[in-house]
Each structure stands twice: as C-alpha cells, then as structure tokens.
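**Student:** One structure coming up, written as structure tokens, with questions to follow.
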Amino acid sequence: SFDVFKRYGHRCAVCSMQIDGLLTATHIKPASENGTDDPRNGIPLCKNHHAAFEKCFFTIHPGSYQIVTRENGPSKEELELVEEDILKLKALPERMALQWHYRRFLGKFRYLALALLLIFPQVNHQYMPVFTSTLIEFP
23 SFDVFKRYGH RCAVCSMQID GLLTATHIKP ASENGTDDPR NGIPLCKNHH
73 AAFEKCFFTI HPGSYQIVTR ENGPSKEELE LVEEDILKLK ALPERMALQW
123 HYRRFLGKFR YLALALLLIF PQVNHQYMPV FTSTLIEFP
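This note's numbering numbers the first residue of the sequence shown as 23 and each following residue consecutively.
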C-alpha cells in the first residue's frame, strides 16, 4: 500500500505543515508515468507544495536531497519552502524516483532553451549547447 505517512511521518517534507487534512501522500513518479505505489516513490507534502511539485516549480536533487527551484520561476521564498533539503524526514525516498522527477524538472528548462533558439534566432548560440548540456547532467 502507499503508506507514505508511516514511512516519512506526518509533516510536509518542505515546510512545517503538520495538519492531517492539509497533507497529501504525493507520488514522486506518478502512476500515469508507470510510477508505483511503493512508499519509497512517495513524499508527504502539503496541498500547496503537492501542486507546486507536480508543476515542477521545485524538485529534490537526487544526490544531495536539496530542494531546487528555477532561476526563472517562483523562488523558495515565494513558494514558502522553509527547508533547504529533505534530510529531516524519518526515511528518504528512492533515488531513482527522485532522478525521474529531477530529469522532468530539467527537461522543462531544455524546452525553454529550444524555444529561445526559435524565438531569437539572431542571438549568438555558441553558449546554448553548454547551457543545455549543463542542465541535463547530475551526479
């Protein structure tokens, strides 16, 4: 069963919310993307952070477990992400699930870079390959 709260505790992984009715057991890799109901593929989030996580406004680095936001998107402050990482959880999610979400998060940057190439073809593109290759690499 998808018993995320038993594995991680009854607290949002990225803020201090502890009210049961406002917490959700969030899939890191959704069932619609062949994600499992194994609790290691889940993380407890409040409803606001659940929505932000699904929209890839933030992700969790699969190596350091740090919370990462977009340079061109809502900041940690705007999203009210009070934690720097998820290391305070009782256990940690499966690294492969976090890698899937991290790649999805970075993939949205890659599409942005490609869109910029199409919109601004006159820009010197010598730096764009470095930009896109840097975004898709992680330890």
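The beta carbon of each residue, even a glycine, is placed where N, CA and C say it ideally should be.
These numbers come from a predicted model, not from an experiment.
Starting from the N-terminal side, write out each stretch of the beta strand (DSSP E) that is 3 residues or longer and does not extend beyond the segment 50-118.
**Tutor:** Qualifying beta strand (DSSP E) stretches, in chain order: 64-68, 80-82, 89-91.
**Student:** What are the boundary residues of the alpha helix (DSSP H) that includes residue 24?
**Tutor:** The sequence position of residue 24 within the sequence shown is 2, counting from 1. No alpha helix (DSSP H) contains residue 24, which DSSP labels as neither H nor E.
**Student:** I'd like to confirm the pairing. Which residues does DSSP put opposite residue 128 in its beta bridges?
**Tutor:** The residue labelled residue 128 in the question sits at position 106 within the sequence shown. In DSSP, residue 128 forms no bridge with anything.
**Student:** For residue 112, does the count of other Cβ atoms within 10 angstroms reach 16, so buried, or fall short, so exposed?
**Tutor:** On the sequence shown, position 90 is the one that residue 112 refers to. By the 10 Å Cβ count, residue 112 comes out exposed.
**Student:** Would you mind giving the Cβ-Cβ distance between residue 44 and residue 69, rounded to the nearest angstrom? I have them listed as a contact below 8 Å.
**Tutor:** Stepping through the sequence shown from its first residue, residue 44 is reached at position 22. Stepping through the sequence shown from its first residue, residue 69 is reached at position 47. With 8 Å as the limit, residue 44 and residue 69 qualify as a contact, their Cβ atoms being about 6 Å apart.
**Student:** So, does the segment 79-93 touch the segment 115-126, judging by three or more C-beta pairs under 8 Å?
**Tutor:** These segments touch.
**Student:** If you draw a straight line from the C-alpha of residue 27 to the C-alpha of residue 47, how long is it?
**Tutor:** Here residue 27 refers to the residue found at position 5 when the sequence shown is read from its first residue. Here residue 47 refers to the residue found at position 25 when the sequence shown is read from its first residue. Between residue 27 and residue 47, the C-alpha separation is close to 7 Å.
**Student:** Got a sec? Which residues, its chain only, sit under 8 Å from residue 105 by beta carbon, not counting five neighbours each side?
**Tutor:** Your numbering for residue 105 matches position 83 in the sequence shown. The answer, listed in chain order, is 35, 36, 37, 89.
**Student:** Write down the C-beta distance between residue 29 and residue 61 rounded to the nearest angstrom, noting that I regard them as a contact closer than 8 Å.
**Tutor:** Residue 29 sits at position 7 when you count from the first residue of the sequence shown. Residue 61 sits at position 39 when you count from the first residue of the sequence shown. Right, the Cβ-Cβ distance comes to about 4 Å (below 8 Å), so this counts as a contact.
**Student:** Taking the Cβ atom as the reference point for each residue, do residue 57 and residue 24 lie within a distance shorter than 8 Å?
**Tutor:** Counting from 1 along the sequence shown, the entry for residue 57 is found at position 35. Counting from 1 along the sequence shown, the entry for residue 24 is found at position 2. No, the pair does not count as a contact, with Cβ atoms beyond the cut-off.
**Student:** I need the straight-line Cα distance from residue 156 to residue 33, nearest angstrom please.
**Tutor:** Translated into positions along the sequence shown, residue 156 becomes position 134. Translated into positions along the sequence shown, residue 33 becomes position 11. Note on residue 156: pLDDT 37, under 50, position unreliable in the model; the coordinate value appears next. One C-alpha to the other measures close to 33 Å.
**Student:** What does DSSP give as the partner residue(s) for residue 47 in the beta ladder?
**Tutor:** For the purposes of this step, residue 47 is taken as residue 25 along the sequence shown, with counting starting at 1. Bridge partners of residue 47: 66.
**Student:** In its own chain, which residues sit with a C-beta less than 6 Å from the C-beta of residue 127, not counting the 5 before and 5 after it?
**Tutor:** The residue labelled residue 127 in the question sits at position 105 within the sequence shown. Cβ within range, chain order: 78, 81.
**Student:** Quick one: Cα of residue 103 to Cα of residue 96, how far?
**Tutor:** Against the sequence shown, residue 103 aligns to sequence position 81. Against the sequence shown, residue 96 aligns to sequence position 74. Cα-Cα distance, rounded: 10 Å.
**Student:** Evaluate residue 120 with the Cβ neighbour count: other Cβ atoms within 10 Å of its Cβ, from every protein chain shown; 16 or more gives buried, anything less gives exposed.
**Tutor:** Position 98 of the sequence shown, counted from the first residue, corresponds to residue 120. The residue in question, residue 120, is buried, as its Cβ has 16 or more Cβ neighbours within 10 Å.
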